[in-house]
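Reading through the structure tokens given below for one structure.
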Amino acid sequence: MAVEMRLPAVHKHISLAASQSNQDDKHLVVPGDVITSDTGFMRGHGTYMDEDRLTASVAGEVERVNKLICVRPLKTRYNGEVGDVVIGRITEVQQKRWKVETNSRLDSVLLLSSVNLPGGELRRRSAQDELAMRDYLQEGDLISAEVQSIFSDGALSLHTRSLKYGKLGQGVLVFVSPSIVKRQKTHFHNLPCGASIILGNNGYVWLYPTPGQQDEEAGGYYTSMEPVSLSDREVISRLRNCLLALAAHKVLLYDTSVLYCYEASLPQQIKDILKPEIMEEIILETRQRLVEHEG
Amino acid sequence: MRDTPLSNCERRFLLKAIEAKKRLDGRQTYDYRNIKIAFGTDYGCCSVELGKTRVLCQVSCELVPPKDSRPTEGIMFFNLELSPMASPAFEPNRQSELLVTLNRQLERCLRNSKCIDTESLCVVSGEKVWQIRVDVHVLNHDGNLMDAASIAAISALSHFRRPDVAIQGRDVTVFSPEERDPIPLSIYHMPICVSFAFFLQGSYLLVDPCEREERVKDGLLVIAMNKHREICSIQSSGGIMLLKDQVLRCSKIASVKVSEITELINKALENDRKIRKEGGKFGFAESMPKERITTLKRDDAPVEMTDVKETASDIVNRTETTTEAVPSPVLVAMGTAQVGEGIVNSWALDEDEEDEPQTEDRKTGTVSDVCFCAVE
Chain A
1 MAVEMRLPAV
11 HKHISLAASQ
21 SNQDDKHLVV
31 PGDVITSDTG
41 FMRGHGTYMD
51 EDRLTASVAG
61 EVERVNKLIC
71 VRPLKTRYNG
81 EVGDVVIGRI
91 TEVQQKRWKV
101 ETNSRLDSVL
111 LLSSVNLPGG
121 ELRRRSAQDE
131 LAMRDYLQEG
141 DLISAEVQSI
151 FSDGALSLHT
161 RSLKYGKLGQ
171 GVLVFVSPSI
181 VKRQKTHFHN
191 LPCGASIILG
201 NNGYVWLYPT
211 PGQQDEEAGG
221 YYTSMEPVSL
231 SDREVISRLR
241 NCLLALAAHK
251 VLLYDTSVLY
261 CYEASLPQQI
271 KDILKPEIME
281 EIILETRQRL
291 VEHEG
Chain B
1001 MRDTPLSNCE
1011 RRFLLKAIEA
1021 KKRLDGRQTY
1031 DYRNIKIAFG
1041 TDYGCCSVEL
1051 GKTRVLCQVS
1061 CELVPPKDSR
1071 PTEGIMFFNL
1081 ELSPMASPAF
1091 EPNRQSELLV
1101 TLNRQLERCL
1111 RNSKCIDTES
1121 LCVVSGEKVW
1131 QIRVDVHVLN
1141 HDGNLMDAAS
1151 IAAISALSHF
1161 RRPDVAIQGR
1171 DVTVFSPEER
1181 DPIPLSIYHM
1191 PICVSFAFFL
1201 QGSYLLVDPC
1211 EREERVKDGL
1221 LVIAMNKHRE
1231 ICSIQSSGGI
1241 MLLKDQVLRC
1251 SKIASVKVSE
1261 ITELINKALE
1271 NDRKIRKEGG
1281 KFGFAESMPK
1291 ERITTLKRDD
1301 APVEMTDVKE
1311 TASDIVNRTE
1321 TTTEAVPSPV
1331 LVAMGTAQVG
1341 EGIVNSWALD
1351 EDEEDEPQTE
1361 DRKTGTVSDV
1371 CFCAVE
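Chains A and B are the protein sequences, given in the same order.
Take the first sequence: its position 141, counted from the start at 1, is 141 in our numbering, and no numbers get skipped.
Add 1000 to the 1-based position in the second sequence for our numbering, that's all there is to it.
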């Protein structure tokens, strides 16, 4: 097997987006920075009182709503909101519910009453259903779900009560930071390049080959184990590298930016996308196209 | 904080690789990772690196009244701590099963094997004895904490020096290190733990599992042995059924590994002793390599070179010889030369040209991208 070798070289950073319109005065703080000495403010998340001075405890942007000051951190675990689409992995099977790991502070909960029964029936869950839980979702399975509500301690309650949610089959999972996934109306996209993507709000992005025929009855159960063709796999690999490139340069992820990045990367080989210089070129082109598209 | 769960495909990949006798870092089945032993400036302070797993051990002593049941013996106290620095899964002040297992195994390995002569720790029988306290801190968890902890503990105990005492009747004088040289502990033998991880219902075993391999293991066998081939303790966990010849084979492997590791410990102790005698600089700062912030630092990665020659000659034979890359210049006219032929002009394509087949276009198309040198 031939291996590519490169020597370390001095790397000149192209200053991207140095003068963009949204570069207005953002109040950025690091832990320990004094936000204000005015005692009239109420302190919110991410702050603490240090001898009459409101000090930041996390690194992020200061947000002020009337009299409430809080600091929203840049790098944080996923904080759920009702209605978000998340991708998670089952860690435990308990009585009448599953525990799902979703990159948040606490494991999320998927109640048995929040999943669709096979065949789409609507009935009360019986003891038999409880015993058959493991046949549906086991430890280690990946699912896509929506946040139904938030418990008082911050844990999320998920549901898969729609045919588009459920167990995920063959595909590639990419981890990015939750703060760069853009909030949109829909998070399920069938990209024209030949693959489909689910952009989870919790930073987990799922790439999978576009299913041929939508099996209406199966819903979230049926995971096809047929071998995926080479062309599909190449498209998914390229998309995965593009996602890593976008995440490294902190570009907001949504279907348009992913698509532009994919098209900008077509002249390169798939494995070359991960090289820093080529990554910068691709992201520069993507950014330009995004700015034109908006303008 | 709970560790990120291992995905199903990672698990399958690891098990498939183990079936094919391959490990993640390229080691063989019975290979240990690189062991680095460093001693600090104080006597009894030892840091061991087993690959990326790092463990720090500190030995200290104190004069205490002895146990009622054993008035003429000193006391050995072992304490192992899993700090959150080692892994996000370790929480402070949480008594996890792993912690209890490691503590018990360390105690069994060092105390029950009677490797330290506790009678020599007695100062005044029934009243004052030395209590030797061994504190092991895990600094980084990359698998196989037990082995690293046992190596660190026994190295630190061998390195430790206790203060000299003089007894006159009932008066005990403890001399400080400046007044009289401190005395080493009397150690009979060095028990060292060797861990074997079993996979796929005991059909495959690995020595010195790394963190990923530990997550998919079925069971663990820890054998504590010294270089005289005496087994000090055996512990099997995980509930797998082991055959007799498997256990015997493991003990044979363990004896080989233990003799290597004991040699390494003795060499490190010898080096430290020499440097201290010559008056050179000793301690952690000297034994760590100079890590400059600005340079790119990477550990040496082992590369498998078994069939490199055949593969290289294969590739060379298969590739064709490259044609002349640079064409020679052609003198077009006086003062103008041309190097190479350009590609097809793709700027302005007329409508009727599109109907013609592409191949013809390439040969008769207008020439562009040509290097013209006009010489005055």
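Ideal Cβ positions, reconstructed from N, Cα and C, are used throughout, including at glycine.
Residue environment, residue i, which counts as buried when at least 16 other CB atoms sit within 10 Å
{"i": "D1272 of chain B", "result": "buried"}
{"i": "H293 of chain A", "result": "exposed"}
{"i": "L266 of chain A", "result": "exposed"}
{"i": "T1053 of chain B", "result": "buried"}
{"i": "C1109 of chain B", "result": "buried"}
{"i": "L131 of chain A", "result": "exposed"}
{"i": "A1333 of chain B", "result": "exposed"}
{"i": "E101 of chain A", "result": "buried"}
{"i": "T1262 of chain B", "result": "buried"}
{"i": "S1237 of chain B", "result": "exposed"}
{"i": "S1096 of chain B", "result": "exposed"}
{"i": "V1150 of chain B", "result": "Position check: residue 1150 of chain B holds Ser in this sequence, whereas Val was assumed. It is buried - the Cβ of S1150 of chain B has at least 16 other Cβ atoms within 10 Å."}
{"i": "R1229 of chain B", "result": "exposed"}
{"i": "V181 of chain A", "result": "buried"}
{"i": "S108 of chain A", "result": "buried"}
Contacts that residue i makes with chain A (C-beta to C-beta distance below 7 angstroms)
{"i": "N1008 of chain B", "result": "G140"}
Amino acids of chain B, ordered along the chain, whose beta-carbon sits closer than 8 angstroms to that of residue i
{"i": "T91 of chain A", "result": "R1002 and P1005"}
{"i": "E101 of chain A", "result": "R1002, T1004 and P1005"}
Three-state class that DSSP yields for residue i in the structure shown
{"i": "T1101 of chain B", "result": "helix"}
{"i": "Q1028 of chain B", "result": "coil"}
{"i": "M49 of chain A", "result": "strand"}
{"i": "S1346 of chain B", "result": "coil"}
{"i": "P276 of chain A", "result": "helix"}
{"i": "P209 of chain A", "result": "strand"}
{"i": "N1144 of chain B", "result": "coil"}
{"i": "D1003 of chain B", "result": "coil"}
{"i": "S114 of chain A", "result": "strand"}
{"i": "R1023 of chain B", "result": "coil"}
{"i": "E1091 of chain B", "result": "coil"}
{"i": "D1307 of chain B", "result": "coil"}
{"i": "R289 of chain A", "result": "helix"}
{"i": "N1112 of chain B", "result": "coil"}
{"i": "K185 of chain A", "result": "coil"}
{"i": "N241 of chain A", "result": "helix"}
{"i": "Y136 of chain A", "result": "helix"}
{"i": "T55 of chain A", "result": "strand"}
{"i": "C1009 of chain B", "result": "helix"}
{"i": "I197 of chain A", "result": "strand"}
{"i": "A1333 of chain B", "result": "strand"}
Strand pairing of residue i, partner residues [DSSP]
{"i": "S149 of chain A", "result": "A:S157"}
{"i": "H1189 of chain B", "result": "According to DSSP, which records beta bridges pairwise, H1189 of chain B is partnered with nothing at all."}
{"i": "L28 of chain A", "result": "A:E61"}
{"i": "S108 of chain A", "result": "A:V100"}
{"i": "C1057 of chain B", "result": "B:C1046 and B:V1136"}
{"i": "G166 of chain A", "result": "A:S144"}
{"i": "E92 of chain A", "result": "A:K99"}
{"i": "I1231 of chain B", "result": "B:M1225"}
{"i": "Y1204 of chain B", "result": "B:F1199"}
{"i": "T36 of chain A", "result": "A:L54"}
{"i": "K1128 of chain B", "result": "B:V1124"}
{"i": "D1068 of chain B", "result": "Per DSSP, none; premise fails for D1068 of chain B."}
{"i": "Q268 of chain A", "result": "The partner list for Q268 of chain A (beta bridge, DSSP) is empty, contrary to what the question assumes."}
{"i": "R1276 of chain B", "result": "Beta-bridge pairing links R1276 of chain B to no other residue."}
{"i": "T1036 of chain B", "result": "Thr is not the amino acid found at residue 1036 of chain B; the sequence shown has Lys there. Answer is B:E1049."}
Residue i at chain A interface by Cβ criterion, 8 angstroms
{"i": "E1353 of chain B", "result": "Residue placement at E1353 of chain B is flagged as unreliable, the pLDDT there being 48, under the threshold of 50; the coordinate-derived value follows with that caveat. By this cut-off, E1353 of chain B is not an interface position."}
{"i": "D1369 of chain B", "result": "Confidence is the limiting factor: at D1369 of chain B the pLDDT is only 45, short of 50, which leaves the residue's position unreliable and the question unanswerable from this model."}
8 angstroms Cβ cutoff, residue i in contact with chain D
{"i": "T286 of chain A", "result": "Absent from the structure: chain D. Protein chains present are A and B."}
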